[in-house]
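In what follows, a single structure is set out as structure tokens and then discussed.
4 protein chains.
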Amino acid sequence: MKTSKEYKESLRLMRPNIYKFGELIKDVTTHPATKRTIEGHAQIFDAAQKVEYKDILTTISHLIYEPISRYLSIIQSPEDMIANVRMKRLMFNLTGTCTGGRCAGFNAINAMWATTYDMDRELGTCYHTRLQTWLKAAQKRDITLAGALTDPKGDRSKTPSHQCDPDLSLHTVEQRNDGIVVRGAKVMICGVAASNELFIMPGTGYKEEDKDYAISFVIPRDAENLTIVETRRPSDTREQEEGFDAPVDIGAITQSYLLFEDVFIPNERVFMHREYQYSLKAVMNFIAPYRAAIGGCVAGQGDVIVGASALMARANGLSEKVFKEKITQMTINNETTFGMGIAAGVLGTKHPSGVWIPNTMLSNVNKVHVATLPYETKRLAQEIAGGIAETGCLPSCQDINDQRYGKLLKKYLQANCSGETRAKIARLIEWLTIGSGVPGCMHGGGSPDGAKLVINANTDIVHNIELAKRLANIKEDIQVETKKK
Amino acid sequence: MKTSKEYKESLRLMRPNIYKFGELIKDVTTHPATKRTIEGHAQIFDAAQKVEYKDILTTISHLIYEPISRYLSIIQSPEDMIANVRMKRLMFNLTGTCTGGRCAGFNAINAMWATTYDMDRELGTCYHTRLQTWLKAAQKRDITLAGALTDPKGDRSKTPSHQCDPDLSLHTVEQRNDGIVVRGAKVMICGVAASNELFIMPGTGYKEEDKDYAISFVIPRDAENLTIVETRRPSDTREQEEGFDAPVDIGAITQSYLLFEDVFIPNERVFMHREYQYSLKAVMNFIAPYRAAIGGCVAGQGDVIVGASALMARANGLSEKVFKEKITQMTINNETTFGMGIAAGVLGTKHPSGVWIPNTMLSNVNKVHVATLPYETKRLAQEIAGGIAETGCLPSCQDINDQRYGKLLKKYLQANCSGETRAKIARLIEWLTIGSGVPGCMHGGGSPDGAKLVINANTDIVHNIELAKRLANIKEDIQVETKKK
Amino acid sequence: MKTSKEYKESLRLMRPNIYKFGELIKDVTTHPATKRTIEGHAQIFDAAQKVEYKDILTTISHLIYEPISRYLSIIQSPEDMIANVRMKRLMFNLTGTCTGGRCAGFNAINAMWATTYDMDRELGTCYHTRLQTWLKAAQKRDITLAGALTDPKGDRSKTPSHQCDPDLSLHTVEQRNDGIVVRGAKVMICGVAASNELFIMPGTGYKEEDKDYAISFVIPRDAENLTIVETRRPSDTREQEEGFDAPVDIGAITQSYLLFEDVFIPNERVFMHREYQYSLKAVMNFIAPYRAAIGGCVAGQGDVIVGASALMARANGLSEKVFKEKITQMTINNETTFGMGIAAGVLGTKHPSGVWIPNTMLSNVNKVHVATLPYETKRLAQEIAGGIAETGCLPSCQDINDQRYGKLLKKYLQANCSGETRAKIARLIEWLTIGSGVPGCMHGGGSPDGAKLVINANTDIVHNIELAKRLANIKEDIQVETKKK
Amino acid sequence: MKTSKEYKESLRLMRPNIYKFGELIKDVTTHPATKRTIEGHAQIFDAAQKVEYKDILTTISHLIYEPISRYLSIIQSPEDMIANVRMKRLMFNLTGTCTGGRCAGFNAINAMWATTYDMDRELGTCYHTRLQTWLKAAQKRDITLAGALTDPKGDRSKTPSHQCDPDLSLHTVEQRNDGIVVRGAKVMICGVAASNELFIMPGTGYKEEDKDYAISFVIPRDAENLTIVETRRPSDTREQEEGFDAPVDIGAITQSYLLFEDVFIPNERVFMHREYQYSLKAVMNFIAPYRAAIGGCVAGQGDVIVGASALMARANGLSEKVFKEKITQMTINNETTFGMGIAAGVLGTKHPSGVWIPNTMLSNVNKVHVATLPYETKRLAQEIAGGIAETGCLPSCQDINDQRYGKLLKKYLQANCSGETRAKIARLIEWLTIGSGVPGCMHGGGSPDGAKLVINANTDIVHNIELAKRLANIKEDIQVETKKK
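So the protein lines, in turn, are chains A, B, C and D.
For the first sequence, this note's numbering begins at 30 and goes up steadily by one.
For the second sequence, this note's numbering begins at 30 and goes up steadily by one.
For the third sequence, this note's numbering begins at 30 and goes up steadily by one.
For the fourth sequence, this note's numbering begins at 30 and goes up steadily by one.
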């Protein structure tokens, strides 16, 4: 397994194809726009070698029978899911943010492991074998693998082939003997700059007329004809400044637009191609573990927010006990998304391919909590921390160190600690609640409205009605005409 | 294992010592005040013999190596806790209410199993051996065992020995060679009329001055000098009426006051006596599985409420799809308490005695949800069901069947079903949301404020602060003087 | 103006036509099923004569230029609406419940005052003149007037004339020279037993095919061919018992089914007949002040709940300061519905008829709060008050006074006050939160979903979009095809 | 009254004393850090001359009997408060943000109008006369007046004179014949760059030992020895970029640190000096109208958020009807803070000085809503708007216009409108929910915890207890010993 140094070296060797603010990023490990996310991902390699974290971050491969990164493993049991949820919480604790260049890739491997197994068995394809071959090598190479599902989509009321532009979802434009050529884009993809390869999955379920959109494959991040543009984050230009206004150096989230201008994918890296009838299944296989484990991620974020809030209370001269009710509520929020992740993970089912698939209902319930509870946690943090932290309402680091008036600013920022420390804490809370550190947990892994649809579809209303009728001893059959549209 | 018929027979053989409305209840299985709760508990015996429920309701004893009721088993693994949570959900589904004559007893066995083990090992007592002996026999006899913790307590700002009356918590008044004599009361005890025996535990943690209050034992429900008074429930007199105004015949909750007028307990049934330093531990051992599993119970209640609401929507001529958002929210509430129960159960630890003790943090977080979410579920049910069901605002069953105007009432009650059926549904929703069917989940298993104290005590603020400091690269140590009172 | 004695006398003189539990109630002022609501309504007359309440409960008639009950007045100004909101809060404070035999009648007068004015002006009818004549006399006679809107409705997916039975909404079956004959029912009508007359309004807006349902009139409560059946309330049979288990003697809510078996209404009491195009307007005119003023009612309920909770805390030996956060939240809930009622009342408009019509948007927003916030207030009350009060989980008054064991029960019920007092407080909280005292504020005045429809219809989305476009300097026009069904 | 051009000219004539990022801002009307807030404030002057807004933004002075800006008026009636609440909503609608250089100043005038009146009457001072003289002139000069209360405060557990540094709250260091000299700072002061003068008030109530901190006065923004440092805002450096990543040009919020290095205040501009016993009253007089009117402000923000959300839905090809439930909830939130502001404004009392002081209870309840409801509104906006808007997760304007790949980005950003328009909408929602446009409404006007203290202090628990006792016919007196600390 790689060291963090080797990991960074692997990134440095890749072809530069990432842009931000009109500039081609030559070295992602040192450029201000990308170096922090790489530091965050590098922590995974360092932590994997520490005794206390090793069991969480690594496991033994059932393919190569050696220790591998858990992020490259097949989830085979409730215990694997518990470790997954814990791993996400731990990494948020260590980086203060998302290490998004790994989670979605990890999920994509598992989702396609099950889906390709079904396809091969039912259709006689050889996708599962290909995936197995690729995965073995990937485990040995210890790559960092991002995952990509989201298409631009265009007008949400129309399917891909009815859009004004056929490229608004990623699709095949040519099939060759040795592979396929794809055009389009994947957007808002997390952790791309920190990754070696990208696992592409269909963005949603497709019908036959859109079968060219039902594709899955894996490519190097620096593949030919692939151009990557990093998106903005709130306050992202602070990353180019000196000082602590971008308060966290050892982690950052980035999200990219991947522009595919006729990218060639060799056959051995293609895991779905036009099997539209499996596209929804692939997405559902992705969603179940993702929406479970994200609860750990959000809990890890909450741990840091609780810590930062308590620290600010102390900086203000107040014990965190003053805010006991609020901290208890924040903790309840953290433990709820964590616990629901555990429960969804544990109450799963074993897929014939060997993948353990978490509970659909509980995963999707957790997605709703994940899109709701952190907002309350952040609000409470802002409430505890006071006006200075609510919107980071304090002078810039540059002003705090200004030769003319910086001394005065420090004097007036001091409370139960130095002015500079208090400013750092305020910046951390700004970053966590209204700054660059806020991850997109509302829509990450799909929207809560989507989750509610799944919840609704999985609610057995008729069973519940029968329970009620039996209790009240009601025999009459009551039907409602369902009007067809 | 007993049949439901044998179970009822066992109750009939006991000495009558239960009163309600000034009347001594001769036969609890037929008296209107108690027969419904006994029907509910009897369903446990019937269901245990059905293929689909057997694995949930029974297990193999590790003491007698035979199938026993799960309610008399030692919880030894995550799987046992999962089955416990599922069992509670199932029984609520089948009875529409609490089968409280079993859960607390089940928990008490397990809590004292661990506590007596520790006492024997550390103090050289023989409580664990006694408990083991009693439990073996109890499993063979297949008894129904209620549990009792709550003391009257008197003035909440004072400890037992500082009350105006020493009896305000249950305590030993005499120690004999062959046993102890206890005086006082246990109050609001669930399912007593449906039980054969009662497992008594200390109501809270005690200090040395209150060591006479640190007692645990088991007695027959009809012990000498024990008088039992049933409490009221909303609309409880309807149980004495004809018709469907008490809409559920196959289940009911009851709660009692147990009045101990110098009751003698033989030594072999005493499991704690004056070991005050173990009293808090006993309570905590009780709380962990109780506050986890109650999530299943509340989810089971929610299932029925969802069913009743959807049924009323249909009765009104509306598809439940009209109320999709509300039903999804109700489902989220149900699955949250269920899922948190599962997670708390799974992330536990093995006690040296063999008992599996659920996760304290998650159990207590779930207690808060259990005291909150069902209120929203009930509100939504009332919202879906309309004014007729909100407070059961419709004429009595007697009026609906009145010879003069009953026909008119039925005419005007009809909608997408007969007037009588619609009236029954309205009564069911009244019963579930504002009637006799509402269980006391706010304070059952202790108050949410108590749970919040435990959550707060288990939050590692210092760890969280260190996470935040590391991220923002803060070195300064910030202390707050904690003023001693 | 009447004294409370004269008021009761006026009720005693009426023809008995009210039934409950199959019994014809001979004297509503003494029968257990109705006497408490009449005591509540009688308090209005007593309070009106007290200096501190006079300005709230009475006003000067603009028709007869004498002091009259505010409940019989025309609301003509913001000040009148403020007094209305305050009056509702006061009456809940004094009776612990709804005095529903007056509010809806009061609203009906005002709604039809505006509606008849418009009809007369636009259609040349003489309804407004008739209403004026009747109202003058009603003010002089100082009658108690209930209001009735809600029809049985039957299948909610169908209009009245498409129901299986044409009587499922109240309608005209015959027009004579001297009046009309109506058949059908009004259901869940509040305070009927306490009233002298009933003001009937259309239950919703009707189209032409349902014009026979567009009717409004006023009748004596004891009109010929009108049969009234009282509905049940939770725990209502306690009203027939001795003792404090029905804890409030000086107030109660009742709701009735009014069965019209071809009731004749003389012309001078008919205020709408087949003018279907005014039926929705009449309802909207009713809704605006009702949904505003109900906020005062709910706040008054909350005041009592706060008091009862604090009293129970004290009875338990705890200062209410222990529950400061909860009491503050309860207060916020109370003041929110009160304040929104005031705001809706004040930001109204003057109708040409002289009626002041509150703000539609704010009234309907308040209806949503009224259907939501009291549930939280009640939950918090149950949380503060402990298990004994949560579901009234204590022995009956009869048991507490039992010669054999009553003394023991009192002993164990005592805390920081006598056992009997503590029992009374627990019963009061049960009554207020899960008993007979809970008013139907979810659906009273219409459902919150109905209110949300009105809110949505009154939201000027296009205006808001224009605000956003102007700010972000967006010129492009963005339209969405709205698909017709 | 000034035109917007004259207003800007007045700012240009002032001495530069404002810094940001180490740079002295020469011309606040053109510098990127301040020009947007000045555009926002300039809109007040433009709108005041429009027929549709004139009545809201101007009034007739009771001092000079001429039309003046409402922001310089004395609030004398409920109607004035209603206009105040509406004015705040309007200005947020027009600027998309806070015009904070006026509200606090407006409130300070009114708070000190009442406070100086009381001081003059009770102490024989001449503060009220001074204030009157200054105000007359201010009205004629039509100045823009910011207000400043918040001191740095240092350790929150200590009063000013017990801090390690006496300057941590602003205080007098010298009293001369012709005036006073003050040292210290006011921090997080809104709209300073847009103002001509600053109204300084005590930051809290003081005891005698801190009487030097009890000061109030007014100074020009460019007073000698006053140095101003602008604080950061999320994403504030975008204001220096080209393009639409700072999406709003016609409004912005700024907040400053005011550093007083021995600033001299002539006597005629001093309105409180060492009258510590009036300092709390001054603050309370400030709070009442501020916490009422801020509800209008927050509603105005919500209007824009609703508009931006609906616009994004349309841009995505979806009707806003798809999100009906969410938009209704957002509207309820908006109208609740607006309505509560109206109610607090209307139910006030007339101070002998002529000032109308809003209702303390309702104002403070509204402060809690203002610190809570907008968070839900923003969450719902992010939910409707999708991942692209949640955190502004799209490429920078510069990248969108890049010559190499900008065309591709626009292609993939298009949906039911051009890619550029969709990007602008996403930026607007980022700005409104997690960007520079988010005002500090949690702590602006004081913290919600402070408001809860006031609510609690104004809750008449004893009265509520008496209501409960009367209803349940309880005579026993129940007291709880309140332990003195």
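The beta carbon of each residue, even a glycine, is placed where N, CA and C say it ideally should be.
Residue i versus residue j: straight-line alpha-carbon distance, rounded
{"i": "D/I503", "j": "C/A344", "result": "12 Å"}
{"i": "D/Q192", "j": "A/C446", "result": "12 Å"}
{"i": "D/S338", "j": "A/Y156", "result": "42 Å"}
{"i": "B/K310", "j": "B/G234", "result": "7 Å"}
{"i": "B/I522", "j": "A/R408", "result": "With chain B covering only 30 through 514, there is no way to say anything about residue 522 of chain B."}
{"i": "D/G466", "j": "B/A321", "result": "44 Å"}
{"i": "D/R499", "j": "B/S264", "result": "24 Å"}
{"i": "A/I463", "j": "D/R261", "result": "13 Å"}
{"i": "C/S98", "j": "C/E35", "result": "14 Å"}
{"i": "A/Y146", "j": "A/G324", "result": "28 Å"}
{"i": "C/F289", "j": "C/V202", "result": "11 Å"}
{"i": "A/E505", "j": "B/T450", "result": "7 Å"}
{"i": "D/M390", "j": "C/E364", "result": "8 Å"}
Reference residue i, options the options, closest by Cα
{"i": "A/A243", "options": "A/S33, A/P231, A/E449 and A/R250", "result": "A/P231"}
{"i": "C/H398", "options": "C/E349, C/C326, C/H60 and C/V375", "result": "C/C326"}
{"i": "B/G421", "options": "C/E259, C/D489 and C/A418", "result": "C/E259"}
{"i": "A/V333", "options": "B/E495, B/R150, B/M141 and B/F300", "result": "B/E495"}
{"i": "D/I507", "options": "C/S348, C/T366, C/H380 and C/V509", "result": "C/S348"}
{"i": "C/I248", "options": "C/A342, C/G208 and C/A143", "result": "C/G208"}
{"i": "A/L340", "options": "A/I172, A/K64, A/T256 and A/A410", "result": "A/A410"}
Bridge partner(s) assigned by DSSP for residue i
{"i": "B/M301", "result": "B/S245"}
{"i": "A/V292", "result": "A/V211"}
{"i": "D/T201", "result": "D/V211"}
{"i": "B/G176", "result": "B/F228"}
So does the stretch 38-51 of chain D actually touch the stretch 420-433 of chain A, counting three or more Cβ pairs closer than 8 Å?
-> yes
State whether the stretch 84-91 of chain A contacts the stretch 290-302 of chain A, with contact taken as three or more CB pairs (one from each stretch) at a distance under 8 Å.
-> no
Select from the stretch 422-440 of chain A all residues with a C-beta closer than 7 Å to any C-beta belonging to chain D, and list them in chain order.
-> C422, L423, P424, S425, Q427, D428, D431, Y434, L437, L438 and K440
Quick one: any contact between the stretch 158-165 of chain C and the stretch 269-279 of chain C, if contact means 3 or more CB pairs under 8 Å?
-> no
So, do the stretch 124-135 of chain B and the stretch 145-154 of chain B have three or more beta carbon pairs nearer to each other than 8 Å?
-> no
Taking one C-beta from the stretch 207-226 of chain C and one from the stretch 281-294 of chain C each time, how about it: are there three or more such pairs within less than 8 Å?
-> yes
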